[in-house]
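**Student:** Can you keep this structure in mind? I'll have questions shortly.
Here it is in structure tokens:
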């Protein structure tokens with residue numbers, strides 16, 4: 006039978022175990038310290054006045070909320086902050102921003118007193134011109150660019166713009182012919198662009214509805230599910246409150262933040278998620294790696310699903326609606342989807358026979374560009390429609 010260890014051996018064993026434990030705790034704390042010292046700065050060129058749907062009173066609350074949630078969820082892995090680059094005396098229009106955005110951003114970039122481990126440019130944009138200008142500058146700096154509102158077809162060329170992600174809910178302009186198409190950029194009523202002409206609650210509503218019998222309304226398919234609908238309602242309230250408290254803007258009764266505002270919020274949350282995953286594997290989260298993680302991927306967020314194609318452009322699926330006289334509203338009765346042919350995105354309506362249009366021939370219409378609500382063309386009565 007083995008003799009029990011003497012008291013000195015017990016003390017020595019305890020002492021070794023104790024110091025091993027202390028050393029392990031110190032190493033763990035050191036690793037946590039190093040990870041939490043990884044710093045990220047988000048640069049966001051912005052407009053302070055209400056000169057576009059992407060102006061700060063509308064979009065900054067979404068950025069602010071996303072940043073506070075990232076700090077709450079990932080502060081043990083990295084530190085992140087946002088810097089708005091704005092000049093209210095100089096920037097009074099989208100043209101002003103397009104002319105000055107690269108100079109404003111470069112002046113801050115080269116004179117900042119701290120150097121983060123990672124710089125990301127995330128901004129809504131004011132028009133396509135300013136997004137192209139600042140993206141060219143960011144490509145020279147080799148930084149990730151996330152555009153929340155206004156995009157441009159040129160970003161599809163990944164040879165020139167390898168780290169540009171276009172996350173806008175609608176990101177092109179339209180070029181149509183021969184058919185009345187009403188392009189609605191919102192998947193839910195927001196009121197941002199005012200009332201539609203057939204919902205003024207006056208004596209002319211019926212007359213206007215009759216004129217819209219041959220109109221197709223093309224609108225984004227709702228991305229929210231029943232499980233995320235409540236989360237989106239809570240987010241709406243927080244964004245509306247943030248606009249009023251911090252940016253002196255009050256939404257009119259019944260008006261809601263637009264879908265592109267949700268995009269600016271969701272993309273920052275996605276950025277935080279990707280950073281956390283990369284840092285956990287002890288890799289360097291450079292712009293190229295981050296951009297590639299977003300391309301050809303879909304992300305389930307608390308306000309819906311965001312999908313990105315191989316060029317880093319958001320995939321937007323559409324419903325096609327026609328006037329329902331019983332309800333007096335446009336109801337979905339056709340499904341549309343994006344396809345890619347010869348490197349260019351297009352919209353194809355998956356069903357060619359329409360309930361209110363006796364088509365006699367088949368035509369194609371260029372639908373490469375979509376940006377804001379508009380109406381083009383002539384009656385659909387003698388056509389079978391395929392949008393491309």
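In the numbering used here, the protein residues as written are 6 to 393. The C-beta atom is built at its ideal place from N, Cα and C for all residues, glycine as well.
#1: Ordered along the chain, which non-local residues of its own chain (more than five positions away) have a Cβ less than 7 Å from that of residue 54?
#2: Please determine, among 261, 76, 173, the residue with the shortest C-alpha to C-alpha distance to residue 281.
#3: What does DSSP give as the partner residues of residue 48 in its beta bridges?
#4: Considering only residues of the same chain and omitting the five flanking positions on each side of residue 248, which have a CB-CB separation below 6 Å?
#5: Please name the residue or residues paired with residue 225 in a DSSP beta bridge.
#6: What's the call for residue 165, buried or exposed, on a 16-neighbour Cβ count within 10 Å?
#7: Can you say whether residue 301 is buried or exposed, counting buried as having 16 or more other CB atoms within 10 angstroms of its CB?
#8: Quick one: does the C-beta of residue 248 sit closer than 7 Å to a heavy atom of the ligand GDP?
#9: Can you check DSSP and say which residues form a bridge with residue 149?
#10: As a quick exercise: from 327, 171, 246, 147, pick the residue whose alpha carbon is nearest that of residue 269.
#11: Would you decide whether residue 161 is buried or exposed? Buried here means 16 or more other CB atoms lie within 10 Å of its CB.
#12: Compare the Cα-Cα distances from residue 305 to each of 327, 279, 103, 82 and report the closest residue.
#13: Please name the residue, chosen from 135, 115, 45, that lies closest to residue 154 on a Cα-to-Cα basis.
#14: I need the straight-line Cα distance from residue 127 to residue 318, nearest angstrom please.
#15: Please list, in chain order, all residues of the same chain as residue 335 whose beta carbon is under 6 Å from its beta carbon, the five residues on each side excluded.
#16: Can you name, in chain order, every residue of its own chain whose Cβ lies under 6 Å from the Cβ of residue 277, other than the five neighbours on each side?
#17: Would residue 2 pass as a contact of residue 105 if the rule is Cβ separation under 8 Å?
#18: I'd like the list of long-range same chain contacts for residue 113, defined as Cβ closer than 6 Å, with 5 residues on each side in sequence excluded.
#19: Verify whether the separation of the beta carbon atoms of residue 237 and residue 308 is less than 8 Å.
#20: Would you list the residues sitting across from residue 55 in a DSSP beta bridge?
#21: If you drop the 5 nearest sequence neighbours on each side, which residues of the same chain put their C-beta closer than 6 Å to that of residue 43?
#22: Residue range of the beta strand (DSSP E) that residue 283 falls in?
#23: Expressed to the nearest angstrom, what Euclidean distance is found between the alpha-carbon atoms of residue 129 and residue 226?
#24: Would you mind sorting residue 50 into buried or exposed? The rule is 16 or more other CB atoms within 10 Å of its CB.
#25: State buried or exposed for residue 428, treating a residue as buried only when at least 16 other CB atoms are found within 10 Å of its CB.
#26: Let me know if residue 207 comes out buried or exposed under the rule of 16 or more other beta-carbons within 10 Å of its beta-carbon.
#27: Ordered along the chain, which non-local residues of its own chain (more than five positions away) have a Cβ less than 8 Å from that of residue 45?
#28: Do residue 58 and residue 259 count as a contact pair if the criterion is CB distance below 8 Å?
#29: Let's test the definition: count the other Cβ atoms within 10 Å of the Cβ of residue 110 and tell me whether it reaches 16, buried, or not, exposed.
#30: For residue 171, which residues does DSSP report across the bridge?
#31: Within 10 angstroms of the Cβ of residue 274, are there 16 or more other Cβ atoms? Answer buried if so, exposed if not.
**Tutor:** With the structure as the only source:
#1: 60, 93, 97
#2: 76
#3: DSSP lists 88, 126 as the beta-bridge partner residues of residue 48.
#4: Contacts found: 62, 66, 254.
#5: 323
#6: exposed
#7: Within a 10 Å sphere around the beta-carbon of residue 301 sit fewer than 16 other beta-carbons, which makes this residue exposed.
#8: The ligand GDP is not part of this structure, which contains no ligands at all.
#9: 125
#10: 171
#11: buried
#12: 279
#13: 135
#14: 14 Å
#15: Excluding residues within five positions, the ones whose Cβ falls inside 6 Å are 222, 326, 328.
#16: Shown here for residue 277: same chain residues with a beta carbon closer than 6 Å to its own, the five before and five after excluded, namely 75, 79 in chain order.
#17: Missing from the structure shown is residue 2; the chain here goes from 6 to 393 and no further.
#18: 90
#19: yes
#20: Looking at the DSSP assignment, residue 55 forms no beta bridge with any residue, so it has no partner.
#21: 83, 122
#22: Looking at the DSSP string, residue 283 is not in any beta strand (DSSP E); the run it does join, the alpha helix (DSSP H), is 264-285.
#23: 22 Å
#24: buried
#25: Residue 428 cannot be examined here, being either before or after the span of the chain that is shown, 6 to 393.
#26: exposed
#27: 83, 84, 85, 86, 121, 122, 123, 124, 125, 280
#28: Cβ distance not < 8 Å, so residue 259 and residue 58 don't count as in contact.
#29: Buried, since its Cβ has 16 or more Cβ neighbours within 10 Å.
#30: 152, 318
#31: By the 10 Å Cβ count, residue 274 comes out buried.
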